[in-house]
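Every letter in the sequence shown is one number past the one before it in the UniProt record's numbering, and letter 286, counting from 1, is 286.
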Amino acid sequence: MDWPPSWPRVLDAEFGPPVSGDYRARPEDFMVEEVLDFAPEGEGEHLWLYIEKRDLTTAMVVKELARLCEVSPRVVGYSGMKDRVAVTRQWLSVQLPGREAPEGLAESLAERGVQVLEMARHPRKLKRGVHRANRFRLRLTGPAVDDEGFAARWERLLERGVANYFGPQRFGPDGRNLLRARSLLARGWRKRDDRDGMLLSAARSFLFNELLAERIREGSWDRLLPGEVANLDGTASQFTVEAPDAGLEARAARLDLHPSGVLWGTGGSVANGEALAREAHLASRFPALCGGLEAAGVRLGRRPLRLSLGEASLERGDDELWLAFTLPRGAFATAVLRELIAHPSL
1 MDWPPSWPRV LDAEFGPPVS GDYRARPEDF MVEEVLDFAP EGEGEHLWLY
51 IEKRDLTTAM VVKELARLCE VSPRVVGYSG MKDRVAVTRQ WLSVQLPGRE
101 APEGLAESLA ERGVQVLEMA RHPRKLKRGV HRANRFRLRL TGPAVDDEGF
151 AARWERLLER GVANYFGPQR FGPDGRNLLR ARSLLARGWR KRDDRDGMLL
201 SAARSFLFNE LLAERIREGS WDRLLPGEVA NLDGTASQFT VEAPDAGLEA
251 RAARLDLHPS GVLWGTGGSV ANGEALAREA HLASRFPALC GGLEAAGVRL
301 GRRPLRLSLG EASLERGDDE LWLAFTLPRG AFATAVLREL IAHPSL
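Structure follows, in structure tokens:
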């Protein structure tokens, strides 16, 4: 398998390929803040901790928190997995019924690169995927900083939105997660071989990216097709568009709603017409992956093909650029960066 795939950028047709640039040279160049729409209630058997971690994965912090609290990692909750080479802020929870936090917990975590910014009690465990968004602040360096066309590319992303590709980290170094997923699905998926579902996720993400890439090539990635399942910007609300009219097209043009693509699995698609035909074509190209996901019992889902950048800004410094923007949960900052700079990891 050739890796990485030649998934097209949106802006290349108008501006040509981006100039090379660098990002994440150090953790402080890639800052992420998780955004929740609620706060701990102040009482309950779960201790919630708002932390800032540096150069650590979320899984590493979960393991260390469980060790310090003398509990199983299974009772530690988190909403999203955050990058390692970064400075990130997020909530974690740990179940401590009838127990206080271990003495010196914050100090012990600080010795391992984890700052506890806030602690509070809550009745329930923090569940996966409950945060609304992630707020990013990224430092860029290299030739792209001095490129006269950079600002124009950035402004066009604000106007047209960003192709909602899954990032390369989903597929592992050199796409190895996808290779493992293909092998596992071919012989029959078993949970003991993929306990956290990482390989299933890699397969679904690859199929989605392939569908999005085809829509970009044909120029329909940001417009509604007959039978399209439209996604309301920033929400989980979806509805099927039998025939796009001027009103819906205007809403799509101002980024109020977006076309969506299938996350492959079992269950009938709510798309029809031209949009459903694109999904059928995807299945004909990758029958083993699609069939393997169905056999594994993964439920069909949907994901917007496009996303808008919230709270966006561009700051220029000495030989550097700082980008700030907010993305809905599940979106990748690398999808934004690959439209703006050329880098081997993108």
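Heads up, the beta-carbon is just placed ideally off N, CA and C, and yes, glycines get one too.
What you are looking at is a predicted structure, and each value in this text was computed from that prediction instead of being measured.
- In this structure, the beta-carbon distance from VAL114 to ARG24 does not fall below 8 Å.
- A distance below 6 Å between beta-carbons, with the five flanking residues on each side excluded, links PRO304 to the following residues of its chain, in chain order: ASN164, ASN231, HIS258, SER260.
- Using a C-beta cut-off of 8 Å, the segment 218-237 makes no contact with the segment 200-207, since fewer than three inter-stretch Cβ pairs fall below that distance.
- Annotation: GLY77 to LEU92 spans about 6 Å, alpha carbon to alpha carbon.
- For the pair of segments examined, the segment 246-256 was found not to touch the segment 176-195: the number of CB pairs separated by less than 8 Å stays below three.
- Taking a contact as a CB-CB distance under 8 Å, the pair LEU289 and LEU207 counts as one, their CB atoms being some 6 Å apart.
- A distance below 6 Å between beta-carbons, with the five flanking residues on each side excluded, links GLY273 to the following residues of its chain, in chain order: PRO226, GLY227.
- Distances from the CA of ARG121 to each of SER345, ALA101, PRO5 were compared; the closest alpha carbon is that of ALA101.
- Per the DSSP secondary-structure output, SER93 pairs in a beta bridge with TRP48, GLY77.
- LEU346 places its beta carbon 8 Å or farther from that of LEU138.
- Looking at LEU56, LEU11, GLU45, the one whose alpha-carbon comes closest to that of PHE30 is LEU56.
- Counting C-beta pairs closer than 8 Å gives three or more between the segment 34-50 and the segment 129-149, which meets the contact rule.
- When Cβ pairs closer than 8 Å are counted between the two stretches, the segment 300-315 is seen to touch the segment 159-173, the count reaching three or more.
- Taking a C-beta distance under 8 Å as the contact criterion, VAL19 and LEU157 do not qualify as a contact pair.
- Counting the other CB atoms within 10 Å of its CB gives GLU111 a total below 16, which places it among the exposed residues.
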